[in-house]
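Novice: Counting from 1 along the sequence shown, just add 394 to a position and that's the residue number in the numbering used here. Note that beta-carbon positions come from the ideal geometry of N, C-alpha and C, so glycine has one too. These numbers come from a predicted model, not from an experiment. Submitted below is the structure of interest, expressed as structure tokens.
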Amino acid sequence: MLVLKFGGTSVGSPQAIRSLVSIVQDAEHTGRVRLVVVSAFSKVTDTLIDMAKKAEAGDQSYAAMVAALKTRHLETVSSLIPSRDQGKVQSYIDEQCAHLERILEGVAAIGELSPKTLDLVMSFGERLSAFIIAQVFTSGGHQAEYLDARQVVRTDDQFGSARFLPEETYPRIQAYLANHPALQIATGFIGATEDGKTTTLGRGGSDLSAAIFGAAIGAREIEIWTDVDGILTSDPKLVPNAFRIDSISYQEAMELSHFGAKVLHPPTVKPALEKGIPIRIRNTFNPSCQGTLIANQVPPSPYPVRGISSMKDIALIRIQGSGMVGVAGFSSRLFGCLARKKINIILITQASSEYSICFAVLPKDALLAASAIKEEFEAEIAHGAIEAPVIERDLSIVAVVGERMKSTPGISGKVFHALGRNGINIVAIAQGSSELNISTVISRTDEGKALNAIHDAFFLAGLRTVNLFLVGTGLIGGTLLQQIATQQEILADEHKIRINLIGLANSKKMRFDPNGIDPSQALALLEQGEPMNLDQFINRMRSLNLPNSAFCDCTAADQVPSRYLELLQSAIPVVTPNKRANSGALSYYQALTNYSRERGIPYLYETTVCAGLPVISTIHDLALSGDRIRRIEAVLSGTLSYIFNNFDGSVPFSALVRQAKEKGYTEPDPRDDLNAMDAARKALILARECGMPLEFDQIHIDPILPPACLAAPTVEDFFKELEKADGLFAEKQKKAAAAGKALRYVAVIEQGSAKLALREEPAGSPFRSLVDADNIVVITSDRYSVLPMVIKGPGAGAQVTAGGVFADIVRIARTLV
């Protein structure tokens, strides 16, 4: 036989009650259901508590609330029961509401609301609900009876959270059901003391009622019907990727529910556990789903963990001092004094040195707990052997639960990596000897972020999500968006990497969507965004507090790089082709790279030098493997490369520069390239990557242009001056050609210095092999001394630069495991 329980949302409307009746009478359940436990209509219990408190405070509005409660139940009767059968149930509702109002009048008269009276007030919700539902079955031709659980469920007198008494309860239920063969519609949540006082069973009381009835009759299964498909891998309100667990052991369910899983409450499992009765969690609004089975023996999880739950708000109390070390009975005194105050302890952790103990309690109990400890250890605190207890608030507990954890190495490492990688500080850790649960105490503001980070690490089959925030949608940023749109599905399907574009901005607009922005539509959507403000953009990114976030700067401005350090300090990786940060003040460059290295927060800037060519990563790899770089020679400007690669004397130098400008190889003002400042910044970055502590003004730049060209007021005036200098450049070219050489503008980095100069390169020089706007980097090191390493290829262009940025974003995804 089955016992079914329907929660508040499952009886919250006439349509929901029709679904309840349909479930009990469907082919799966017909003839197999012995008893149905129901909760009060949704929100009714909260309303009853509210009206009781209003009565206590002398607020007469409780009377109107009783009237509204009565109206709601009468309207439900009118919707569900034929008019010919409504009289009996209407009379019952009238009587119960009149009784409720008299109780509240008494509360108002004395101005006091005792726990016993509050339990009595709260009981009206279940009593009204169960009576109405029993009449719905009866009026539909189904034999059913209303069962007030106070007749059979015996409890102690701990009002508000009474404990049921199995020895007195089970025989009463068995005897009652033996004399009442009809389907019983029983009240959940309530019971009675031996002398008939109404009690409530506390949080999750209706689930416990179902377990009590199921245990009493030896039910084959207890079904708890609610508004979700079962127990999920995490809270779906905080973790959108959470999914249903098919089956779970009693112990795992107890652990998950203890630490906040709201579908089930810990006391519910106990009666069923003792009798070995399976519990199934099902969805009233999706009855075709088989839900989650809770049983002694279930198939092992396909994942290392079964689920992740959290407690949103807890306080941590810490006691420490040398007077604790090696003192027998200290823990007994500590937890004894808390037990006497009826303070529930959620989590305990103790240092192996016995110097400190900390434990978690509900925030409402924190001050009482601290007071109890001060009272118990008054003498020790006075003598300084123990410090006064310290309370830490605004904390949450995240618990990772699963029986397979004890046979799978690396679980703890994965948990702590997921948290640390996202900058989530762990305040305390607890793990039971059964290895069924790893619990971490963290800041409450990081709860959602922590749940998502750990959930992704264990449940997404290796899928690593990067939540991307992109600033700069010009040539490089726009091309990056196109590449992400094209590659998204391949990355997810073949490489288990998902790039989720969350925030987007250019100089005018910004846009956010926590669910993701389609990169193929991003630029059009951005036009409908709000005005851009960098401070607001960064604050919004932080406030979303998403796991595995990354910031990408595709601008060329100074303002954005100035914020990199604070982003890294917020555990947000930075990817950029912007050279400003790494070629600015040495102290800032060192702060960025040192923080990234020490904290493990990626700061990736491969494309700041030679676009998509693997120059910086190669330098890093050489250093990591113990090689020593002796010298770097490089052509670092695509513009200068194009100009000198084609400067063979066939056309004047000024004409060649005009040609380069027309082809888009130069900036609108070619002097921005020909002054070699861009190449110098790149040379400075390479020098710093080799360990040279140089500032920009220490880079020696041999000028390419005569002073008059640089001083010209307009671009056209510049070209006029450049034409005057054509003879000078022609002489340099002829001189080099006469010696079988060609002109190239080369950066040389060695012996703690960096210099850029126009050189004559012989025929065998690697710099003579350049075509178009290629860059080249020649590295001479201890290992590459006879034959230097040559890295050559396109050093500019939107496609290769965006591709390099994209590769850096993918590298961030690889750091997530």
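1) Assuming K1128 is part of the alpha helix (DSSP H), what are its boundary residues?
2) Tell me, please, which residues DSSP counts as bridged to Q825.
3) CB-CB under 6 Å to Q877, same chain, minus the five flanking residues each way: which ones, in chain order?
4) How long is the line joining the alpha carbons of L875 and A899, rounded to whole angstroms?
5) Can you check whether the CB of D1067 is closer than 8 Å to the CB of L1034?
6) Can you find the residues in the same chain that come closer than 7 Å, C-beta to C-beta, to S801, ignoring five residues on each side of it along the sequence?
7) Taking D551 as the reference, which of A793, Y644, T594, Q578 has the closest Cα?
8) Spell out the partners DSSP gives P1094 in its beta bridges.
9) Give the secondary structure of E422 by DSSP, where H, G and I count as helix, E and B as strand, and everything else as coil.
10) Straight-line CA distance for P681 to M904?
11) Measure from the alpha carbon of G1146 to the alpha carbon of each residue in M1086, S433, I1185, then state which is nearest.
12) Please state if the CB of P913 and the CB of L895 are separated by a distance shorter than 8 Å.
13) By alpha-carbon positions, which one of L1099, Y564, L494 ends up nearest to A462?
14) Relative to the C-alpha of I966, which candidate in E1125, F853, L813 has its C-alpha closest?
15) Pull up the distance between the alpha-carbon of F852 and that of P694, whole angstroms please.
16) Under 8 Å between C-beta atoms, does A421 make it to chain B?
17) Which residues bound the alpha helix (DSSP H) around I848?
18) Could you pull the DSSP bridge partners for L632 from this structure?
19) Is DSSP giving A1106 helix, strand or coil here?
20) Less than 8 Å between the CB atoms is what I'm expecting for K447 and C491, so what's the real figure, rounded?
21) Which residues in the same chain as T678 place their Cβ atom closer than 6 Å to its Cβ, once the five residues preceding and following it in sequence are excluded?
22) Q600: buried (16+ other C-beta within 10 angstroms of its C-beta) or exposed?
23) Run the CB neighbour count on V1184, radius 10 Å, all protein chains shown included, and call it buried at 16 or more, exposed below.
24) Provide the residue(s) that pair with Y570 in DSSP beta bridges, ordered along the chain.
25) So which of K1055, V483, G406 has the shortest CA-CA distance to D621?
26) Pull up the distance between the alpha-carbon of I886 and that of V969, whole angstroms please.
27) Does the separation of the CB atoms of L468 and I487 fall below 8 Å?
28) For Y486, name the three-state secondary structure that DSSP assigns.
29) Can we say the region 621 to 633 touches the region 762 to 780, given the rule of at least three CB pairs closer than 8 Å?
30) Given that a residue counts as buried once 16 or more other Cβ atoms are within 10 Å of its Cβ, and exposed if not, what is P476?
31) Could you have a look at V471 and say whether DSSP puts it in helix, strand or coil?
32) CB L1080 to CB L1088, shorter than 8 Å?
33) In terms of residues, what are the limits of the alpha helix (DSSP H) holding C731?
34) So, under 8 Å CB-CB, G554 and A434 are touching, yes? Tell me the CB distance rounded to an integer number of Å.
35) Can A763 and V835 be called in contact, C-beta distance under 8 Å?
36) Tell me the residue span of the alpha helix (DSSP H) that contains N1039.
Specialist: Here's the rundown:
1) For this step, residue 1128 is matched to residue 734 along the sequence shown. 1120 to 1132 is the span of the alpha helix (DSSP H), which, as asked, contains K1128.
2) As a working note, residue 825 is residue 431 in the sequence shown. I832, per the DSSP bridge assignment.
3) Translated into positions along the sequence shown, residue 877 becomes position 483. A1196, F1200.
4) On the sequence shown, position 481 is the one that residue 875 refers to. On the sequence shown, position 505 is the one that residue 899 refers to. Each residue's Cα considered, the two are about 12 Å apart.
5) Locating residue 1034 in the sequence shown gives position 640, where the first residue counts as 1. Locating residue 1067 in the sequence shown gives position 673, where the first residue counts as 1. Yes; because the gap between Cβ atoms is below 8 Å, this pair is in contact.
6) Looking up residue 801 in the sequence shown gives position 407. Nothing meets the Cβ criterion.
7) Translated into the one-based positions of the sequence shown, residue 551 becomes position 157. Closest option to D551, Cα to Cα, is T594.
8) Residue mapping note: residue 1094 aligns to position 700 of the sequence shown, counting from 1. Correcting the residue identity first, residue 1094 is His in this sequence and not Pro. Paired residue(s): K1149.
9) Walking along the sequence shown from the start, residue 422 turns up at place 28. Three-state DSSP puts E422 in coil, outside helix and strand.
10) Position 287 of the sequence shown, counted from the first residue, corresponds to residue 681. Position 510 of the sequence shown, counted from the first residue, corresponds to residue 904. If you take the alpha carbons of P681 and M904, they lie about 44 Å apart.
11) Mapped onto the sequence shown, residue 1146 falls at position 752. Out of M1086, S433, I1185, M1086 has the C-alpha closest to the C-alpha of G1146.
12) Counted from its first residue, the sequence shown places residue 895 at position 501. Counted from its first residue, the sequence shown places residue 913 at position 519. Going by C-beta atoms, L895 is nearer than 8 Å to P913.
13) In the sequence shown, the residue the question calls residue 462 occupies position 68. Checking every option, the nearest Cα to that of A462 belongs to L494.
14) The sequence position of residue 966 within the sequence shown is 572, counting from 1. Among E1125, F853, L813, the Cα nearest to that of I966 is on L813.
15) For the purposes of this step, residue 852 is taken as the residue at position 458 of the sequence shown. For the purposes of this step, residue 694 is taken as the residue at position 300 of the sequence shown. Straight-line Cα distance between these residues: approximately 15 Å.
16) Of the chains in the structure shown, none is chain B; there is only one protein chain.
17) The count along the sequence shown starts at 1 and reaches residue 848 at position 454. Its alpha helix (DSSP H) spans residues 841 to 853.
18) In the sequence shown, residue 632 corresponds to position 238, counting from 1. For L632, which the question treats as bridged, DSSP gives no partner whatsoever.
19) Residue numbering aside, residue 1106 sits at position 712 when the sequence shown is read from its first letter. DSSP places A1106 in coil when its eight states are reduced to three.
20) Here residue 447 corresponds to residue number 53 of the sequence shown, with the count starting at 1. Here residue 491 corresponds to residue number 97 of the sequence shown, with the count starting at 1. Between C491 and K447 the Cβ distance is about 18 Å, and since that is not below 8 Å, they are no contact.
21) Locating residue 678 in the sequence shown gives position 284, counting from the first residue. For T678, where only same-chain residues beyond five positions count, the Cβ hits under 6 Å are S404, S413, W619.
22) Looking up residue 600 in the sequence shown gives position 206. Before going on, a small fix: residue 600 reads as Ser here, not Gln. S600 should be labelled buried.
23) Counting from 1 along the sequence shown, the entry for residue 1184 is found at position 790. Counting Cβ neighbours within 10 Å, V1184 comes out exposed, since fewer than 16 surround it.
24) Taking the sequence shown and counting its residues from 1, the one referred to as residue 570 is at position 176. Partner(s): none; Y570 has no beta bridge.
25) Looking up residue 621 in the sequence shown gives position 227. The shortest C-alpha separation from D621 is found at G406.
26) Residue mapping note: residue 886 aligns to position 492 of the sequence shown, counting from 1. Residue mapping note: residue 969 aligns to position 575 of the sequence shown, counting from 1. The sequence as given places Ala at residue 886; Ile does not occur at that position. Near 20 Å, if we compare the C-alpha coordinates of V969 and A886.
27) For the purposes of this step, residue 468 is taken as residue 74 along the sequence shown, with counting starting at 1. For the purposes of this step, residue 487 is taken as residue 93 along the sequence shown, with counting starting at 1. Closer than 8 Å, so yes.
28) For the purposes of this step, residue 486 is taken as residue 92 along the sequence shown, with counting starting at 1. Note: Y486 maps to helix in three-state DSSP.
29) no
30) What you label residue 476 is simply residue 82 of the sequence shown in a count that begins at 1. P476 should be labelled exposed.
31) Sequence index remark: in the sequence shown, residue 471 carries index 77 (1-based). In this structure, V471 counts as helix in the three-state DSSP scheme.
32) Position 686 of the sequence shown, counted from the start, is the residue given in the question as residue 1080. Position 694 of the sequence shown, counted from the start, is the residue given in the question as residue 1088. It is not a contact, given that the beta carbons lie outside the stated cut-off.
33) Your numbering for residue 731 matches position 337 in the sequence shown. That run of the alpha helix (DSSP H) goes 724 to 734.
34) Within the sequence shown, the letter at position 160 stands for residue 554. Within the sequence shown, the letter at position 40 stands for residue 434. That belief does not hold up - the Cβ atoms of G554 and A434 are roughly 16 Å apart, past 8 Å.
35) The residue labelled residue 763 in the question sits at position 369 within the sequence shown. The residue labelled residue 835 in the question sits at position 441 within the sequence shown. Their beta carbons are not under 8 Å apart, which means A763 does not touch V835 by this criterion.
36) Along the sequence shown, read from residue 1 onward, the residue named residue 1039 stands at position 645. Segment 1032 to 1039, the alpha helix (DSSP H) holding N1039.
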